[in-house]
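Peer 1: Reading the sequence shown from the start, the letters are residues 1 to 596 in UniProt numbering. Backbone N, C-alpha and C fix where the C-beta goes; we use that ideal spot for every residue, glycine too.
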Amino acid sequence: MIINNNISALNTYRQMGVNQGAGAKAMEKLSSGLRINRAGDDAAGLAISEKMRAQVRGLDQASRNSQDGISMIQTAEGALQETHNILQRMRELATQAANDTNVEVDRNEIQKEMNQLSSEINRIGNTTEFNTQSLLKGDGKANLESTGVASVAGTMGSGTTGSTTHTQATQTINAATAQTGTTLNGTSLKVTLNGQDLTVNFVEDTSLTGTDNIAVDTDNATANSITVKVKGQITGSGTDSDHALGGAIRTALTNMINKNDALSGNYVISGADDAVTITAQTEALGGKLDGAKGNIAATADVAAITTGGAASVGTSTYVQATHEMDFSSITSKADAEGLVGKGFSVDGVQYEFYNANDGAYTGEAKGINISAAIEATADWDNAVASAVAGQVKGDGFTAAVDSVNAHEVVFTATAQGAEGNGSVTFADGGVKKDFTAKFQIGANQGQSMQINIADMRSNALGITGKKADEEIGVENAKYTATTNVTNGTDDNNVEYALDVSSHESAAAAVKVINNAIETVSAQRSNLGAFQNRLEHTISNLNNASENLTAAESRIRDVDMAKEVMEMTRANILGQASQAMLAQANQKPQAVLQLLG
């Protein structure tokens, strides 16, 4: 027996401390409702649950963001609803003005209401805001628009242009660039330009297979000019009627058009070896051939070779061996941000130009005339560049035609069998801006949705202009001679209204207003689609938040029943240890009996 150290008492005391600690932790968890109150409770669980908590709060905020987005969309859409109502009234007025039962004074009164309604559309566009942000003014990122593009068929005498001819496709290579890469070998001419090889096969006029060898002495001379003609045939389906190469193709082209009963008999195909012209007959003037996609497989025939001294520099004209074209859908390939839209269309085929370097531009829209008798090798690239250069000031402006090679396109006009000049007008597309808003619809970076709302004021819709008597893309439609439309926020007249002073201009105004109605309808439809999308987004976010909260709760929250059980056990053990500590403290007293 020992008295200096009461081991039983020490052990009981230690156990009592453990039980008291367990009871204290159980009471802490029960009082907070959390299983993890500090990192020491569950280090890994704390890290995981905090990440989940951040995600849940992000999802909840994203849901609120989406609801705010819906409110913004509803504000814009509600304003456009009234714009729609105004445009419907303007269309009704234009239809009324087009009736010749109205005299000049009647149309003047109608014009007054048209002016006021145009001003009101401007007011709606300039004053519609959400949280101080203008929604319908187009304040935001630049967006390429090709609006206001004139579609000109060209008038010759009493007739209208009925055909478009694409001449023999040629391209010029500077011999100085390719002098060491140009070889004449047997039945082929090989030209290397910018790392790309072009091989032209020499064939007879009556055959598509090469048999003849062309020998040229190049020891002391350089081939200055090698002119190549095209022979070949068209393969494909549809009515590929806008591109023709050589008289040998005429039969195949006729067969393709004749497959379309609706077009058969309305168009006459004629031409020599250098070009084929598709001409609409009198009753088919104003008609349009659909441009279907097809392949033109052609081989080349050397027409002439001239040589000069070894130091001379000339050009080589060649034709690509295969052309693939598609006129059914011609659009600009320009990037939409910060670009300037320029364009024109002929017989319903639209061509567009763009500023590749985002340079500013000023100037008036101009027109150029292209003669029907223009030669097959006309440099269309230069003609386009010259016309655009007359309108544009600034560096880096380039012209581009999204079709086959630009220089292949030559427009011819035929009116009742007589040749004449067709007018191709370049209309100023201008820079359009959209109001851009990005909604953060997720808990993480990059989980956003962007909505664009175009300028919905009168000028952007085409129902007012910036110039007096300015003609619009719709035939006979024009603006008034004096400013009579305000911006809606003051009394200053700054724009010209649609003119309804005659039957022709009023009838054309109906078409212009129809286009405006379609523009507003498209914008409202787009807004409605975004609203529906956001409603689905909210539902998904709420579902994700609910399930993630449940997962986080299983890690962080305490199981109350289990913890009450633990607390009860700790309390009982604490009381027992106190009782045993009293007993242990009495054990050393037995030594006194031995000493007594």
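Under a three-way DSSP split, which group does M456 fall into?
Peer 2: Note: M456 maps to coil in three-state DSSP.
Peer 1: Tell me the rounded alpha-carbon separation between R556 and A516.
Peer 2: C-alpha separation (whole angstroms): 58 Å.
Peer 1: If I measure Cβ to Cβ from E113 and keep anything under 7 Å in the same chain, skipping five residues before and after, which residues do I get?
Peer 2: The residues are L93.
Peer 1: Alpha carbon to alpha carbon, how far is N543 from R14? Give it in angstroms, no decimals.
Peer 2: So the two alpha carbons sit approximately 50 Å from each other.
Peer 1: Just to check my reading of the structure: G488 and S134 have Cβ atoms closer than 8 Å, yes? What is that Cβ distance to the nearest angstrom?
Peer 2: That pair is no contact at about 12 Å.
Peer 1: Specify the secondary structure class of K137 as computed by DSSP and reduced to three states.
Peer 2: Three-state result, K137: coil.
Peer 1: Do the stretch 565-577 and the stretch 36-47 touch if we need at least three Cβ pairs shorter than 8 Å?
Peer 2: As far as the Cβ criterion goes, the stretch 565-577 does not touch the stretch 36-47, which means the pair count is below three.
Peer 1: When you compare only the Cα positions, how much space is there between N19 and Q445?
Peer 2: When rounded, the distance between both Cα atoms is 48 Å.
Peer 1: What distance in whole Å lies between the Cβ atoms of G138 and D490, which are believed to be in contact at a cut-off of 8 Å?
Peer 2: Their Cβ separation, rounded to whole angstroms, is 19 Å, which puts D490 and G138 out of contact at 8 Å.
Peer 1: Taking all protein chains shown into account, do 16 or more other C-beta atoms lie within 10 angstroms of the C-beta of S458, making it buried, or fewer, making it exposed?
Peer 2: That one is buried.
Peer 1: Fully enclosed by the stretch 101-133, which beta strand (DSSP E) runs are 3 residues long or longer?
Peer 2: For the stretch 101-133, not a single whole beta strand (DSSP E) run of length 3 or above is found.
Peer 1: Can you tell me the Cα-Cα spacing of I451 and A508, whole angstroms?
Peer 2: Cα to Cα, the separation comes out at about 33 Å.
Peer 1: Determine the direct distance from the alpha carbon of V558 to that of S8, and round the result to whole angstroms.
Peer 2: Spanning the two alpha carbons is a distance of roughly 36 Å.
Peer 1: For the alpha helix (DSSP H) that contains A94, what are its first and last residues?
Peer 2: Counting along the chain, the alpha helix (DSSP H) containing A94 begins and ends at 43-97.
Peer 1: Here's the rule I'm using: 16 or more other beta-carbon atoms within 10 Å means buried, otherwise exposed. How should K495 be labelled?
Peer 2: Here residue 495 is Glu; the residue named in the question, Lys, does not match the sequence. Buried, because 16 or more other Cβ atoms sit within 10 Å of the Cβ of E495.
Peer 1: Indicate whether the contact test is met: 3 or more Cβ pairs, each with one atom in the stretch 526-544 and one in the stretch 465-477, closer than 8 Å.
Peer 2: Judged by Cβ distances under 8 Å, the stretch 526-544 makes no contact with the stretch 465-477, as fewer than three pairs qualify.
Peer 1: Between G33 and the rest of its own chain, which residues show a CB-CB distance below 8 Å, the 5 nearest in sequence each way excluded?
Peer 2: Excluding positions up to five away in sequence, the list reads D557, V558, M560.
Peer 1: With 16 other CB atoms within 10 Å as the buried threshold, where does T132 fall?
Peer 2: Exposed is the call here.
Peer 1: Using only alpha-carbon positions, find the residue among A98, I572, Q440 that is nearest to S501.
Peer 2: Nearest C-alpha to S501: A98.
Peer 1: Can you round the beta-carbon distance between T464 and V485 to whole angstroms, since I take them to be within the 8 Å contact cut?
Peer 2: Their Cβ separation, rounded to whole angstroms, is 5 Å, which keeps T464 and V485 in contact under 8 Å.
Peer 1: Starting from N542, trace the alpha helix (DSSP H) both ways and give me its first and last residue.
Peer 2: Note, N542: alpha helix (DSSP H), 503-556.
Peer 1: Out of A550, N547, N65, state which residue places its alpha-carbon closest to the alpha-carbon of Q447.
Peer 2: The option with the nearest alpha carbon to Q447 is N65.
Peer 1: Excluding the five sequence neighbours on either side, which residues of its own chain have a C-beta within less than 6 Å of the C-beta of D68, listed in chain order?
Peer 2: The answer is none, since no qualifying residue turns up.
Peer 1: The alpha helix (DSSP H) that contains N11, what's its start and end?
Peer 2: Note, N11: alpha helix (DSSP H), 7-32.
Peer 1: Could you say which of A506, D42, I453 lies nearest to N476 if we only look at CA atoms?
Peer 2: For the residues A506, D42, I453, the minimum Cα distance to N476 belongs to A506.
Peer 1: Let me know the secondary structure DSSP gives N493 once reduced to three states.
Peer 2: Note: N493 maps to strand in three-state DSSP.
Peer 1: Shortest alpha-carbon distance to L461 belongs to which of A551, A570, A497?
Peer 2: That would be A497, whose Cα lies nearest to the Cα of L461.
Peer 1: Going by alpha carbons, who is nearest to E504 out of N492, Y479, S521, K25?
Peer 2: It is Y479 whose Cα lies nearest to the Cα of E504.
Peer 1: Between the C-alpha atoms of E546 and E28, what's the straight-line distance to the nearest angstrom?
Peer 2: Spanning the two alpha carbons is a distance of roughly 27 Å.
Peer 1: Does G17 pass the burial test, meaning 16 or more other C-beta atoms within 10 Å, or should it be called exposed?
Peer 2: When all chains shown are included, G17 counts as exposed.
Peer 1: In whole angstroms, what is the alpha-carbon distance linking D106 and F530?
Peer 2: The straight-line gap from Cα to Cα measures roughly 44 Å.
Peer 1: With a 10 Å radius around its C-beta and 16 neighbouring C-beta atoms as the bar for buried, classify A437 as buried or exposed.
Peer 2: Flag for A437 reads buried.
Peer 1: For R57, count neighbouring Cβ atoms within 10 angstroms of its own Cβ and tell me buried if that reaches 16, exposed if not.
Peer 2: The residue is exposed, with fewer than 16 neighbouring Cβ atoms inside 10 Å.
Peer 1: So what does DSSP say about V564, is it helix, strand or coil?
Peer 2: Note: V564 maps to helix in three-state DSSP.
Peer 1: Go through its chain and collect everything with a Cβ distance to I538's Cβ below 7 Å, but skip five positions before and after it.
Peer 2: Hits under 7 Å: S63, S66, Q67.
Peer 1: Quick test of your reading: Q96 and I110, contact by CB under 8 Å. State the CB separation rounded to the nearest angstrom.
Peer 2: 6 Å between Cβ atoms; contact.
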